[in-house]
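Residue numbers for the sequence shown, in my numbering: 6 to 145.
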Amino acid sequence: MSDLLKDYPCIISQQVQWGDMDAANHVNNTVYLRYFESARVDFFNSIDFMDFTGEESVGPILAETNCKYKAPLTFPDNIKITARILPDSITEYGFTMQHVVYSEKLQRIAAEGTSRIVCYDYKNKRKALIPSNLLDKLRV
């Protein structure tokens with residue numbers, strides 16, 4: 006597992022919940038997007054990109070997301086969820102993040118995906134330039 010996830014600066018651990026399951030007896034496809042969101046928000050908190058309630062009111066907003074399902078997750082399981090920014094994707098307004106969901110029970114990657122993030126001015130309701138003090142943190 007460590008080799009598969011070594012290039013990710015953000016790795017969170019979570020348990021698959023019984024309520025994540027659907028009638029097909031596996032984790033519902035929509036839940037994986039919530040897993041990605043949890044890792045994404047954890048990463049944003051680590052670089053102080055979630056405090057957009059102040060004067061600036063600039064923060065992240067999800068523009069697009071996708072998921073490739075590789076193996077079904079089931080309850081119970083412990084999973085690792087990752088987030089990293091793809092360096093070549095950074096523009097003046099946004100960037101793409103890559104995610105992986107790793108199953109400890111299956112000992113393999115269960116899903117991988119991307120999220121396109123745009124910097125957004127919540128006060129004026131329009132896209133915004135990425136603040137210069139944040140650009141260096143994004144290029145980690």
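Glycine included, C-beta positions come from ideal geometry on N, C-alpha and C.
Beta strand (DSSP E) segment containing residue i, residue limits
i           : result
residue 74  : 63 to 74
residue 18  : 15 to 20
residue 87  : 83 to 90
residue 125 : 113 to 126
residue 100 : 99 to 108
Close Cβ partners of residue i (< 6 Å) along its chain, the five nearest in sequence each way excluded
i           : result
residue 69  : 121
residue 20  : 83
residue 80  : 21, 23, 26
residue 13  : 87, 89
residue 114 : 75, 105, 107
Sequence-distant residues of the same chain with beta carbon closer than 7 Å to residue i, five excluded per side
i          : result
residue 54 : 64, 65, 139
residue 73 : 116, 117, 118
Exposure of residue i, with buried meaning 16 or more beta-carbon neighbours within 10 Å
i           : result
residue 11  : exposed
residue 137 : exposed
residue 108 : buried
Reference residue i, options the options, closest by Cα
i           : options           : result
residue 98  : 134, 113, 111, 77 : 134
residue 94  : 143, 128, 75, 37  : 143
residue 111 : 78, 41, 32        : 78
residue 129 : 62, 32, 40, 51    : 62
residue 42  : 96, 132, 17       : 17
Close-in-space but distant-in-sequence residues of the same chain around residue i (CB under 8 Å, 5 per side omitted)
i          : result
residue 92 : 144
Alpha helix (DSSP H) segment containing residue i, residue limits
i           : result
residue 137 : 137 to 143
Practice task
Please confirm if the region 78 to 93 is in contact with the region 38 to 49, defined as three or more CB-CB distances below 8 Å between the two stretches.
Solution key: yes
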